[in-house]
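Undergrad: Last residue of the sequence shown: 573 (the working numbering), numbering continuous.
Yeah, the Cβ is synthetic: ideal placement off N, Cα and C, and Gly gets one too.
Before I ask anything, here is the structure I am working with.
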Amino acid sequence: MIRTVSVTPFKDQKPGTSGLRKKVPVFQTPGYTEAFIQSVFDSLEDYQGKTLVIGGDGRFYNREVIQTAIAMAAANGFGRVLVGQGGILSTPAASHLIRKYQAFGGLILSASHNPGGPTEDFGIKYNISNGGPAPEKITEAIYARTQTIDRYRIADFEAVNLDSLGTFEGAGMTIEVVDPVADYAALMETLFDFDAIRALVSGGFRIAFDAMHAVTGPYAREILVKRLGVDEASVLNATPLEDFGGHHPDPNLVHAKELYDLMMGPDAPDFGAASDGDGDRNLIIGRGVFVTPSDSLAMLAANAHLAPGYKGGLKGIARSMPTSGAADRVAAKLGVEMHETPTGWKFFGNLLDAGRCTICGEESAGTGSDHVREKDGLWAVLLWLNILAVRKQSVKQIVEDHWAEYGRTYYSRHDYEAIDTDQANGLVAALEARLDGLAGHEAGSLTIEKADSFTYHDPVDGSVSRNQGLRIFFEGGSRLVFRLSGTGTSGATLRVYMERHEPDPARHGQETQDALAPVIAAAESLAGIRGWTGRDAPTVIT
Ligand code: G16
32 MIRTVSVTPF
42 KDQKPGTSGL
52 RKKVPVFQTP
62 GYTEAFIQSV
72 FDSLEDYQGK
82 TLVIGGDGRF
92 YNREVIQTAI
102 AMAAANGFGR
112 VLVGQGGILS
122 TPAASHLIRK
132 YQAFGGLILS
142 ASHNPGGPTE
152 DFGIKYNISN
162 GGPAPEKITE
172 AIYARTQTID
182 RYRIADFEAV
192 NLDSLGTFEG
202 AGMTIEVVDP
212 VADYAALMET
222 LFDFDAIRAL
232 VSGGFRIAFD
242 AMHAVTGPYA
252 REILVKRLGV
262 DEASVLNATP
272 LEDFGGHHPD
282 PNLVHAKELY
292 DLMMGPDAPD
302 FGAASDGDGD
312 RNLIIGRGVF
322 VTPSDSLAML
332 AANAHLAPGY
342 KGGLKGIARS
352 MPTSGAADRV
362 AAKLGVEMHE
372 TPTGWKFFGN
382 LLDAGRCTIC
392 GEESAGTGSD
402 HVREKDGLWA
412 VLLWLNILAV
422 RKQSVKQIVE
432 DHWAEYGRTY
442 YSRHDYEAID
452 TDQANGLVAA
462 LEARLDGLAG
472 HEAGSLTIEK
482 ADSFTYHDPV
492 DGSVSRNQGL
502 RIFFEGGSRL
512 VFRLSGTGTS
522 GATLRVYMER
532 HEPDPARHGQ
542 ETQDALAPVI
552 AAAESLAGIR
562 GWTGRDAPTV
572 IT
C-alpha cells in the first residue's frame, strides 16, 4: 500500500558542497529525511520505471535511511533499486554502478570524512545518470522544493534483508541487493596493470593502507589483499564501523596521524595511503615523504600514461580553484587543456562528459578520472602503485624528480573549524569589500598583484557560479585564497589556502610552513583572522 503523508517544510535543507549534511538527530526529526528525499524525487522528471542506485558509507543511521529510501522509491514509481549488500557502497563504486547499469540516478548516504555516530554526522546526496553529483541547477531545484513541500509518498514495505544478495519484489518494484565490491574491482582491473603491481608486491615492496574503519575496508581486502597479494595485516582498520571507531574518517595529517608517524618512522613501509568515510578521498605518503594532494594530482597526471587505462595520454586536466597550480605546469608541458573549477566534484562532470579532461583533482584529498564521475580513493592508490611498479623508484625519488623538473609548489591549508557563523561571514564580507583596492598594496613582506572573488564560467553549458572564494595573488607568484567550507555541520569553517612556487631545487628542502611564512603572515594582516575569530591558531593544518 502506498501512503501519502503530510509534512511541513524544513527551512535548513539547503545542499552544501556535497549534498545535505546534518547531525543524525536532525535527520531523525520526524519527516525530515522523508521531506528531503521527496524533494529530490519531485525535482526529477521521467524516472518512472527506471533504476535508482542506493548505498552508503555504513555510518550510523545508514540502514534505516536505506529502508526509507527504498520504500519511497517504490511509492514514487521507480522500477528497480540496486542497493549495496549491507547498505554499503563507496561513493566511487556507486558512481560506477549508476553508469554501468544505466541507472536514472543514485542516492548516496554519506557525510564523507565527517565523524559518525548517534550524535554525529549524516548526509544524503543525489547523483545523476552520468554517475556524478547533481549539478547546481538540480541542487537549487531540490532546495526550492524543500521550501514548499507538503507531502511525501512512501510504500508500506517489509524491511528488505540488506545482508543477503538477491532479487526481491515489493510494491511493484524490483530490489536487487548487489555485491558492493565486484563491479568496482573489475573496473580497476581494466585500468591498471595488476600483474606489474603483483610483481612489485611479491618483490618485497611494503604497503600500509588505512581504511579508517570506513567503507574502503572490504574494497581494499578484495583488491589489495586478494587480487594483488598485499599482506592482510597491511590493511589497517579494515572493518567498517558505524562510528568509525570514534575517529574522524578523514585522511589528513591530523586524523591519520598513526599512519603518518609509521611512514616517517625508522621501519616505514615503502608506500602508505588512507581513504575516507565513503572512499572517495585519498592520502598518499611515501617513506619519509608526504605528498600533498595538489602535488599528487600533478604527479599522477604526469605519469598516468604508464598505466594501461591512460596509455593514450590525457585529454586535459581539471582542478578546483583552491588546489595549487602544480598540475597546470604538467598540463602546459603535455600541451593539454587545463581547467580551474569551483570547489565541489560536481563541477568536473560537464568537463568529463564533454571529453575536455581525463584527470581531475582537489586540494581536499580528492583525485579521480573519467572512469567514474566521483573522486576515487582506491583508484589514486592503484595509479600510484602502477607508476611505482613501472618506474621502479621510491615515492621520494618520484616526488623529487617531479620538483626538479617543474619546480616545487609549497602548499598548505589552514582550517578554523566551528567558528561563529556571523564572525566567519563578517570576515569574508570585510575582505571582499576591500578586494578591488588591494592591487599594489603590501601585505607583510609581499606585494599584492591582483585580487578577486572567483567566478566560474562553465565552458560546456555556459552556467555561471559566483562567489566561489576570495583570491589574492602576490608579485612573484604566491597566492592566498579564503573561502568558507560547504561541508561542515557546526557553525562555520574558514579555510585559508596558501601556495608559493619555488623553481630552485636548492630550496626544495624547506619545511612547508617555513617556506610559506610570508603568505601566512599576509593572510593574518589582510583578513585579521585572530580578531574576527578569537582564535590564535588554526584547528587543522594540512
Ligand atoms: C566534498 C566535495 C569536494 C570538496 C570537499 C571540501 O568532498 O565533494 O569537492 O573539495 O567536500 O569542501 P568544503 O571545502 O566546502 O568543505 P567530500 O569528500 O566531503 O564529499
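At a cut-off of 6 Å, would you count residue 312 as near the ligand ATP, judging by its Cβ distance to the nearest heavy atom?
TA: Absence of the ligand ATP is noted for the structure shown, with the ligand G16 being the only ligands found.
Undergrad: Using beta carbons (cut-off 7 Å, strictly below), is residue 244 in contact with chain C?
TA: Looking for chain C here will not work: only one protein chain is present.
Undergrad: Within this structure, are the beta carbons of residue 530 and residue 440 separated by less than 7 Å?
TA: Going by C-beta atoms, residue 530 is nearer than 7 Å to residue 440.
Undergrad: Count the other CB atoms within 10 Å of the CB of residue 568; is the residue buried (16 or more) or exposed (fewer)?
TA: When all chains shown are included, residue 568 counts as exposed.
Undergrad: May I ask you to list the residues that DSSP assigns as paired with residue 532?
TA: DSSP output for residue 532 lists 440 as bridge partner(s).
Undergrad: Which residues in the same chain have their Cβ closer than 7 Å to the Cβ of residue 498, if we skip the five residues on either side of it in sequence?
TA: Counting only Cβ-Cβ distances below 7 Å, and skipping sequence neighbours, we find 484.
Undergrad: When the Cα atoms are used, what is the spatial distance from residue 244 to residue 74?
TA: Approximately 35 Å between the Cα atoms of the pair.
Undergrad: Counting pairs of Cβ atoms below 8 Å between the region 243-259 and the region 279-293, do you hit three or more?
TA: Result yes; three or more Cβ-Cβ pairs closer than 8 Å.
Undergrad: Nearer than 6 Å: is that true of the beta carbon of residue 151 relative to any heavy atom of the ligand G16?
TA: Incorrect: residue 151 has no Cβ contact closer than 6 Å to the ligand G16.
Undergrad: What is the DSSP secondary structure of residue 387, counted as helix, strand or coil?
TA: Reduced to three states, the DSSP call for residue 387 is coil.
Undergrad: Does the contact criterion of 3 or more C-beta pairs under 8 Å hold for the region 93-104 versus the region 60-79?
TA: These segments touch.
Undergrad: For the region 398-410 and the region 502-513, state whether three or more C-beta atom pairs, one from each stretch, are separated by less than 8 Å.
TA: With a cut-off of 8 Å, the region 502-513 and the region 398-410 do not count as touching, because too few Cβ pairs lie within range.
Undergrad: With which residues is residue 84 paired in a DSSP beta bridge?
TA: Note: residue 84 sits in a beta bridge opposite 113, 137.
Undergrad: Can you grab the Cα-Cα spacing for the pair residue 15 / residue 136, in whole Å?
TA: Residue 15 is absent from the model: the chain starts at 32 and stops at 573.
Undergrad: Where does the unbroken beta strand (DSSP E) through residue 54 begin, and where does it stop?
TA: 51-54 is the extent of the beta strand (DSSP E) around residue 54.
Undergrad: Whole angstroms are fine: how far does the CA of residue 195 sit from the CA of residue 189?
TA: Residue 189 and residue 195: Cα-Cα distance of roughly 15 Å.
Undergrad: Just checking residue 410 against the ligand G16 - is the residue's beta carbon closer than 6 Å to any of the ligand's heavy atoms?
TA: Outside the cutoff, so no.
Undergrad: If we count Cβ pairs, one from each stretch, closer than 8 Å, do we get three or more for the region 160-177 versus the region 375-390?
TA: The region 160-177 is in contact with the region 375-390.
Undergrad: Out of 296, 405, 399, state which residue places its alpha-carbon closest to the alpha-carbon of residue 414.
TA: Nearest option by C-alpha distance: 399.
Undergrad: Under 7 Å between the Cβ atoms of residue 547 and residue 476?
TA: Going by C-beta atoms, residue 547 is not nearer than 7 Å to residue 476.
Undergrad: Pull up the distance between the alpha-carbon of residue 481 and that of residue 151, whole angstroms please.
TA: Near 41 Å, if we compare the C-alpha coordinates of residue 151 and residue 481.
Undergrad: With distances taken between CB atoms, is the gap from residue 294 to residue 316 smaller than 7 Å?
TA: Yes. Within cutoff.
Undergrad: Between which residues of its own chain and residue 231 is the CB-CB distance below 6 Å, once the five residues before and five after are set aside?
TA: Cβ neighbours of residue 231 beyond the five flanking positions: 420.
Undergrad: Inspect the beta-carbon positions of residue 53 and residue 174 and report whether they are closer than 7 Å.
TA: No; because the gap between Cβ atoms is not below 7 Å, this pair is not in contact.
Undergrad: If contact is defined by three or more beta carbon pairs under 8 Å, each pair taking one atom from either stretch, is the region 250-268 in contact with the region 326-341?
TA: The region 326-341 is not in contact with the region 250-268.
Undergrad: Considering only residues of the same chain and omitting the five flanking positions on each side of residue 405, which have a CB-CB separation below 8 Å?
TA: For residue 405, where only same-chain residues beyond five positions count, the Cβ hits under 8 Å are 122, 123, 125, 126, 158, 162, 163, 164, 311, 376, 399.
Undergrad: Is any heavy atom in the ligand G16 found nearer than 6 Å to the beta carbon of residue 48?
TA: Within the cutoff, so yes.
Undergrad: Rounded to whole angstroms, what's the CA-CA distance from residue 271 to residue 247? Just pull it up for me.
TA: Distance between the alpha carbons of residue 271 and residue 247: 8 Å.
Undergrad: Measure the C-alpha to C-alpha separation of residue 149 and residue 63 and round it to an integer number of angstroms.
TA: One C-alpha to the other measures close to 16 Å.
Undergrad: Specify the secondary structure class of residue 339 as computed by DSSP and reduced to three states.
TA: Looking at residue 339 - three-state DSSP - the assignment turns out to be helix.
Undergrad: Within its chain, find whatever has a CB closer than 7 Å to the CB of residue 225; leave out the 5 residues flanking it on each side and keep chain order.
TA: Closer than 7 Å at Cβ, skipping near neighbours: 258, 259.
Undergrad: In chain order, what are the residue ranges of uninterrupted alpha helix (DSSP H) at least 4 long that sit wholly in the region 166-193?
TA: Here the runs fully enclosed are 167-177.
Undergrad: Using only alpha-carbon positions, find the residue among 296, 344, 518, 391 that is nearest to residue 574.
TA: Any answer about residue 574 is impossible in this case: the structure gives the chain only from 32 up to 573.
Undergrad: Considering Cα atoms alone, identify which of 572, 562, 203 is closest to residue 448.
TA: Of the candidates 572, 562, 203, the one whose C-alpha sits nearest the C-alpha of residue 448 is 572.
Undergrad: Could I get the ranges of all uninterrupted beta strand (DSSP E) runs contained in the region 456-531, with 3 residues as the minimum, in chain order?
TA: You should have 477-484, 501-505, 510-515.
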